[in-house]
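The next block holds one structure in the form of structure tokens; read it before the comments.
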Amino acid sequence: MVTIGLDIGYGAVKAILPDGQTTLFPSIYGQAREIKFKADDIAAKYPGDQISDEAGDWFVGNLALKQLTAGEHLYLRGRSGDEKSVGNEFRLRMAKVAIGKLLARVGGDVVHIRLATGLPVSHMPVAAGLKEMLLGQHVIKTDQADFIANISEVKVMPQPYGTIYRQMLTERGDYNPGHTAARTGVVDVGTYSVDITLDDQGDYIESESDTVESGIYVAQEAIADIYEKTYRNKPKVGDVETILRTRQLKIRGETIYFDQEVEAALEPVRRATIQKMQHLWGAGERIDVIYLSGGGAYFIEDEVRAVYPQAVVVDNAQFANVRGYLNYALLVEKNEGR
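Residue numbering for the sequence shown follows the numbering used here, starting at 870 and increasing by one per position.
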């Protein structure tokens, strides 16, 4: 039995094995096209980014970003009209790619797998449908792997609980004596959602947990709009990400700085996040610690700490949830073995 922590985010897919091996790729795919030149070199550069299933052949992640046009990209953006048939179908394909990447060298005819994963807080009503779709035998056929994944156990939790279990449990699935907080808050800043969760001595507090249908994409779209108005051309996805994270971009051979534009673009994300935190938690005076996680944690850190001084960005914030999913699965594994 192989235990895997799996985080299928709107921006990126993360997965991890107990030995620390990880995979990370953009949550995007599209119908594969024939590459007529240097196909083998390109495949080697993007290992595991080609998958085939009953619906066709697909480019995934960085290969899809590189080789497909924007109109050919398929991805999730917040709630879909029918989560079970649309959203969860997308998540299944991303899960199969992640499993193929992690187990390409391990795979035999059949690999038995235990999965732990999460959903945005307000999307938890579709957890049963996701679990149903993931359970069972799945053919994993990529440019790197060819085996059957028999997923016999799936745990689905509110997404930010991964961060709680990252702090509350050790990487062996034991309780962490260093985590002494009784009431723990998490703000998980993702691409298309900001998830907020409160745990009170191991109890999930539904009334103080929710999702903001916002996220870093709000800032990305604002930056893209500024770029297009300035240069009369749409920026590439990677260029927007570079501007957001480094506040600069080399254009026509010259380094252009975007400090003011980035600050203005991030302001609505910060405002929406803090407003939701205040709505759920008030002044937060009875919350011992607030963990900030997700790929966007650093973009809101200073503003959140000004209102909630007990807030702290967790180490390796982008992988906090997926590491916590794995920690929880290992705890369950130990308890079942007793």
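Think of the CB as a built atom: it goes at the ideal place given N, C-alpha and C, for glycine as much as any other residue.
Does the beta-carbon of residue i have 16 or more other beta-carbons within 10 angstroms, so that it is buried, or is it exposed?
| i | result |
| --- | --- |
| I1085 | buried |
| A1180 | buried |
| M870 | exposed |
| T1124 | exposed |
| V979 | exposed |
| D951 | For D951, the pLDDT reaches just 48, beneath the cut-off of 50, and the residue's location in the model is therefore unreliable, although a value from the coordinates is still provided. That one is exposed. |
| D1157 | exposed |
| R962 | buried |
| S1078 | buried |
| T1115 | exposed |
| D926 | exposed |
| D910 | exposed |
| H1007 | buried |
| A908 | exposed |
By the three-class DSSP mapping on this structure, what secondary structure does residue i have?
| i | result |
| --- | --- |
| D922 | strand |
| K1105 | coil |
| S949 | Its pLDDT being 44, under 50, S949 is placed unreliably by the model, and nothing is read from it. |
| Y915 | coil |
| Y1194 | helix |
| K1119 | strand |
Do residue j and residue i count as a contact pair if the criterion is CB distance below 9 Å?
| i | j | result |
| --- | --- | --- |
| K1098 | A939 | no |
| V1087 | A1166 | no |
| L999 | I1020 | no |
| S1162 | V1055 | yes |
| K1010 | L984 | no |
| T1066 | V1183 | no |
| I920 | G878 | no |
| K883 | D922 | no |
| E1090 | I1112 | no |
| L932 | E1040 | no |
| P916 | A973 | yes |
| L893 | F1188 | yes |
| D876 | T1053 | no |
Would you list the one or two residues that DSSP bridges to residue i?
| i | result |
| --- | --- |
| Y898 | V929 and L943 |
| M1026 | G987 |
| H1048 | None; H1048 has no bridge partner. |
| G874 | I885 and A985 |
| I1020 | I982 and G1005 |
Problem - Ordered list of alpha helix (DSSP H) runs contained in the segment 1128–1176, each at least 4 residues - result: 1128–1150 and 1166–1176
Problem - Contiguous beta strand (DSSP E) assignments of at least 3 residues, all confined to the segment 1069–1108 - result: 1079–1081
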